[in-house]
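Visitor: I am attaching a structure below and will ask some questions about it afterwards.
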Amino acid sequence: MLTALPSVSGALLRVPYSFMVPLFGGRRWTAFSTGILVIPCVWLGFAVQDTSTPFSTFILISLLCGFAGANFASSMANISFFFPKQKQGGALGLNGGLGNMGVSVMQLVAPLVVSLSVFAVFGSHGVEQPDGSQLYLANAAWIWVPFLAIFTLAAWFGMNELATSKASLKDQLPVLKRGHLWMMSLLYLATFGSFIGFSAGFAMLSKTQFPEVQILHYAFFGPLIGALARSAGGAISDRLGGTRVTLVNFVLMAIFSALLFLTLAF
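Residue numbers are given in the UniProt record's numbering: position 164 of the sequence shown equals residue 164, and the series is strictly consecutive.
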């Protein structure tokens, strides 16, 4: 449940987040939406060290973690203003691919940093394991705080603001009446939704199916390949057209899903 809640809240918050860039400007909103990610990171670090932390608190923290996923929507909306239509596929693909790499980076970095006492001065303490080693769970959350601070400052002082991107909420709402919007949303649900779901569940499922394998050494490969493919897919769409690339993508998804189904024991 806790692993699913960030995806749920992130998905719901993407709708209002996508309207924020034209309302407040890309620079201001990016700096703000990046800065507030410090809240769940710091809170989670303290919560996992306190054995009396109630489950309801972890639910709230998980929901707050969805701010990161929602931030992805506003970043995509902001990027689109800086490139002509014929080059937006590559730009959005690169932005989306780099953003999606956070999943694989997290799965790669977290197991490493939890073994190091790098935040002891801030109150991080380890939990002794059966082999005598220490596990610093707070590090998995706190390791991102300095990066968030740097990126917040970089967004505020380094990003460009386009006056032409400004629009009121009233000006933006008519887009909800367009049928193509809802059709694209369904396609996006099947593609990006699958990526998020498989990335989140791959490590847990693999650990269940192959308990003898140290899956943490390999779990990041799936999200990494998906993120790199997204970057390439955007550029290919600029050349061949988004319709063709999407069609081929769905055909391949169907084929590989069928092959996976055939491996199941009956």
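We treat Cβ as the ideally placed atom computed from N, Cα and C, and that holds for glycine.
How would you label Arg230, buried or exposed, when you count the other beta carbons within 10 angstroms and need 16 or more for buried?
Guide: Locating residue 230 in the sequence shown gives position 230, where the first residue counts as 1. That one is buried.
Visitor: Could you tell me which uninterrupted alpha helix (DSSP H) segments, each at least 4 residues in length, are contained entirely in the stretch 198-260, listed from first to last along the chain?
Guide: Within the stretch 198-260, the complete alpha helix (DSSP H) runs of at least 4 residues are 221-240.
Visitor: Would you give the residue range spanned by the alpha helix (DSSP H) that Ile59 belongs to?
Guide: For this step, residue 59 is matched to residue 59 along the sequence shown. Its alpha helix (DSSP H) spans residues 55-79.
Visitor: Spatial neighbours of Ser33 within its chain, please: C-beta separation below 8 Å, excluding the five flanking residues on both sides.
Guide: Numbered from its first residue, the sequence shown carries residue 33 at position 33. Answer for Ser33: Tyr17, Met20, Phe67, Ala70, Asn71, Ser74, listed in chain order.
Visitor: Around the C-beta of Thr30, are 16 or more other C-beta atoms found within 10 angstroms, so that it is buried, or is it exposed?
Guide: Along the sequence shown, one-based indexing puts residue 30 at 30. It is buried - the Cβ of Thr30 has at least 16 other Cβ atoms within 10 Å.
Visitor: The alpha helix (DSSP H) that contains Val45, what's its start and end?
Guide: Here residue 45 is taken as the residue at index 45 of the sequence shown, counted from 1. Contrary to the premise, residue 45 reads as Gly rather than Val in this sequence. Counting along the chain, the alpha helix (DSSP H) containing Gly45 begins and ends at 38-47.
Visitor: Can you say whether Asn160 is buried or exposed, counting buried as having 16 or more other CB atoms within 10 angstroms of its CB?
Guide: Walking along the sequence shown from the start, residue 160 turns up at place 160. Asn160 comes out exposed.
Visitor: How is Ser52 classed by DSSP in three states: helix, strand or coil?
Guide: By one-based count along the sequence shown, residue 52 stands at place 52. In the structure shown, Ser52 sits in coil (DSSP, three-state: anything other than H, G, I, E or B).
Visitor: Determine the contact status of Trp43 and Ile59, defining contact as a CB-CB distance below 8 Å.
Guide: Along the sequence shown, read from residue 1 onward, the residue named residue 43 stands at position 43. Along the sequence shown, read from residue 1 onward, the residue named residue 59 stands at position 59. Against a cut-off of 8 Å, the Cβ pair of Ile59 and Trp43 comes out as no contact.
Visitor: Check whether the Cβ atoms of Leu92 and Met76 lie closer than 8 Å to each other.
Guide: Counting from one through the sequence shown, the residue named residue 92 turns up at place 92. Counting from one through the sequence shown, the residue named residue 76 turns up at place 76. Yes, these two residues count as a Cβ contact at 8 Å.
Visitor: Check for me: the alpha helix (DSSP H) holding Ile150 runs from which residue to which?
Guide: One-based indexing of the sequence shown puts residue 150 at position 150. Counting along the chain, the alpha helix (DSSP H) containing Ile150 begins and ends at 145-158.
Visitor: At the level of alpha carbons, what is the spacing between Leu13 and Thr208?
Guide: For the purposes of this step, residue 13 is taken as the residue at position 13 of the sequence shown. For the purposes of this step, residue 208 is taken as the residue at position 208 of the sequence shown. C-alpha separation (whole angstroms): 31 Å.
Visitor: Check whether the stretch 110-118 and the stretch 130-144 are in contact - that is, three or more C-beta pairs closer than 8 Å.
Guide: Counting Cβ pairs under 8 Å, three or more are found: they touch.
Visitor: Buried or exposed: Ser89, going by 16 or more other Cβ atoms within 10 Å of its Cβ?
Guide: In the sequence shown, the residue the question calls residue 89 occupies position 89. Here the sequence assigns Gly to residue 89, which means Ser is not the residue at that position. Under this definition Gly89 is a buried residue.
Visitor: Compute the beta-carbon to beta-carbon distance between Gly26 and Leu162, rounded to the nearest angstrom, for a pair I have assumed lies under 8 Å.
Guide: As a first step, residue 26 is located in the sequence shown; it is residue number 26 there, counting from the start. As a first step, residue 162 is located in the sequence shown; it is residue number 162 there, counting from the start. Indeed, because the Cβ distance is near 7 Å, the residues count as touching under 8 Å.
Visitor: With a threshold of 8 Å on Cβ separation, who are the neighbours of Pro223 within its own chain once the five nearest residues in sequence on each side are excluded?
Guide: Here the question's residue 223 lines up with position 223 in the sequence shown. Result list for Pro223: Asn100, Met101, Val103, Ser104, Gln107, Phe195, Ser199, Phe202, in chain order.
Visitor: Just the C-alpha distance for residue 308 and Asp50, rounded to the nearest angstrom, thanks.
Guide: For residue 308 there is no data in the structure shown, the boundaries of the chain being 1 and 266.
Visitor: Spatial neighbours of Val38 within its chain, please: C-beta separation below 6 Å, excluding the five flanking residues on both sides.
Guide: Counted from its first residue, the sequence shown places residue 38 at position 38. The residues are Val145, Leu148.
Visitor: What first and last residue would you give for the alpha helix (DSSP H) that runs through Lys170?
Guide: What you label residue 170 is simply residue 170 of the sequence shown in a count that begins at 1. That run of the alpha helix (DSSP H) goes 169-172.
Visitor: Report the option in Phe256, Ala110, Pro40 whose CA atom is closest to the CA atom of His217.
Guide: Residue 217 sits at position 217 when you count from the first residue of the sequence shown. The option with the nearest alpha carbon to His217 is Ala110.
Visitor: Rank Ser124, Phe83, Gly226 by C-alpha distance to the C-alpha of Gly97 and give the top, closest one.
Guide: As a position in the sequence shown, residue 97 is number 97, starting the count at 1. Comparing Cα-Cα distances from Gly97 to each of Ser124, Phe83, Gly226, the minimum goes to Gly226.
Visitor: Relative to the C-alpha of Thr122, which candidate in Lys177, Val113, Ala138 has its C-alpha closest?
Guide: Position 122 of the sequence shown, counting from 1, holds the residue named residue 122. The question names Thr, but residue 122 is Phe in the sequence shown. Minimum Cα distance to Phe122 is reached at Ala138.
Visitor: If Thr246 and Leu187 are in contact, beta carbons under 8 Å, what's the gap, nearest whole angstrom?
Guide: Residue 246 sits at position 246 when you count from the first residue of the sequence shown. Residue 187 sits at position 187 when you count from the first residue of the sequence shown. Thr246 to Leu187, Cβ: 6 Å. Contact.
Visitor: Apply the 10 Å Cβ neighbour rule to Pro6 and answer buried if 16 or more other Cβ atoms are within range, or exposed otherwise.
Guide: Counted from its first residue, the sequence shown places residue 6 at position 6. With 16 or more other Cβ atoms within 10 Å, it is buried.
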